[in-house]
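> Residue numbers (this note's numbering): -16 to 228. Glycine included, every Cβ here is placed at the ideal spot set by N, Cα and C. In this text the structure is predicted, and so the values were computed from the model without any measurement.
(1) Would you mind sorting residue 15 into buried or exposed? The rule is 16 or more other CB atoms within 10 Å of its CB.
(2) Quick one: what's residue 161 bridged to in DSSP?
(3) Given a threshold of 16 other Cβ atoms within 10 Å of its Cβ, counted over all protein chains shown, does residue 142 qualify as buried or as exposed?
(4) Going by C-alpha distance, which of 124, 47, 200 and 158 is nearest residue 112?
(5) Just verifying my parser: in three-state terms, what is the DSSP assignment at residue 33?
(6) So the alpha helix (DSSP H) residue 127 belongs to, where does it begin and stop?
(7) For residue 131 and residue 166, I'd like the C-alpha separation in whole angstroms.
(8) Three or more beta-carbon pairs under 8 Å between the stretch 157 to 166 and the stretch 180 to 199, yes or no?
(9) Use the C-beta contact count for residue 58: other C-beta atoms within 10 angstroms, 16 or more gives buried, fewer gives exposed.
(10) Measure the alpha-carbon distance for residue 42 versus residue 215 and round it to whole angstroms.
(11) Note down the Cα distance separating residue 33 from residue 138, rounded to an integer number of angstroms.
(12) Counting pairs of beta carbons, one from the stretch 87 to 96 and one from the stretch 169 to 186, are three or more of them closer than 8 Å?
(13) I'd like the list of long-range same chain contacts for residue 170, defined as Cβ closer than 6 Å, with 5 residues on each side in sequence excluded.
(14) Which value, in whole angstroms, describes the spacing of the CA atoms of residue 100 and residue 46?
(15) Please report the straight-line C-alpha distance between residue 200 and residue 40, rounded to a whole angstrom.
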């Protein structure tokens, strides 16, 4: 029972961490060209990673630039959710954004997070499947799979994820992950799935360092500069006993 609780806690945290930092790539900078001074404020703000000012500018543009309100709402939700971790503001904004752009897979994914958080897991799964079918991107299928992990249904999670990881037809798919506390990097989704295997083993109490190391090597073969995998590998090696002669 203790191992199950540890695994459930880990996967719950991992699920929302992945959602927050991965699956919204590229939408924050969407803003049509115009001569509005607030457009320049917004451009300067996101260039300088001043996300609070970017949000102020976007809220102003929503009022003054109604012709492009769909794009501004999309960016606003993503800034609240991804860069500022202001989930309350994102939750209050997501429905309006989806009303304007109901087929946007990234917005669907954010909505799915809130549905899952509210205990509406079946609805979350439905919207993740819709995002996957709409976009064809495996990151949304992964998010769908993660709902089974958070429900302690590890076999179903692994079944879905294995369909991504070990399918020869799976194409490279880059997602954005934290490189450290302040910066992000692009990593292939399959590499992330391999590091998840390591965390699953660790969360279950496994001491199989060789298996963990094998998964990390697989991740680094796909994304050699994946900083999280490199850090995990260094920690694993430093904690492993020296080989006997």
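In brief:
(1) Numbered from 1 along the chain shown, position 32 holds the residue referred to as residue 15. Low confidence applies to residue 15: its pLDDT is 48, below 50, so where it sits in the model is not reliable enough to give any reading.
(2) As a first step, residue 161 must be located in the chain shown, where it is residue number 178. Bridge partners of residue 161: 167.
(3) Working through the chain shown from its first residue, we reach residue 142 at position 159. Only exposed fits residue 142, as fewer than 16 other CB atoms lie within 10 angstroms of its CB.
(4) Within the chain shown, the letter at position 129 stands for residue 112. Measuring from the Cα of residue 112, the nearest candidate turns out to be 124.
(5) Taking the first residue of the chain shown as position 1, residue 33 is located at position 50. DSSP places residue 33 outside both helix and strand once states are collapsed to three, so it counts as coil.
(6) Taking the first residue of the chain shown as 1, we reach residue 127 at position 144. 121 to 133 is the extent of the alpha helix (DSSP H) around residue 127.
(7) As a first step, residue 131 is located in the chain shown; it is residue number 148 there, counting from the start. As a first step, residue 166 is located in the chain shown; it is residue number 183 there, counting from the start. Cα to Cα, the separation comes out at about 30 Å.
(8) no
(9) On the chain shown, position 75 is the one that residue 58 refers to. By the neighbour-count rule (16 or more Cβ atoms within 10 Å), residue 58 is buried.
(10) Position 59 of the chain shown, counting from 1, holds the residue named residue 42. Position 232 of the chain shown, counting from 1, holds the residue named residue 215. Computed Cα separation, rounded: 40 Å.
(11) As a working mapping, residue 33 is identified with position 50 in the chain shown. As a working mapping, residue 138 is identified with position 155 in the chain shown. Answer to the nearest angstrom: the Cα atoms are 42 Å apart.
(12) no
(13) To locate residue 170, count along the chain shown from 1; it is residue 187. Correct list, in chain order: 160, 206 and 209.
(14) Counting from one through the chain shown, the residue named residue 100 turns up at place 117. Counting from one through the chain shown, the residue named residue 46 turns up at place 63. Near 30 Å, if we compare the C-alpha coordinates of residue 46 and residue 100.
(15) Position 217 of the chain shown holds residue 200. Position 57 of the chain shown holds residue 40. Distance between the alpha carbons of residue 200 and residue 40 is about 44 Å.
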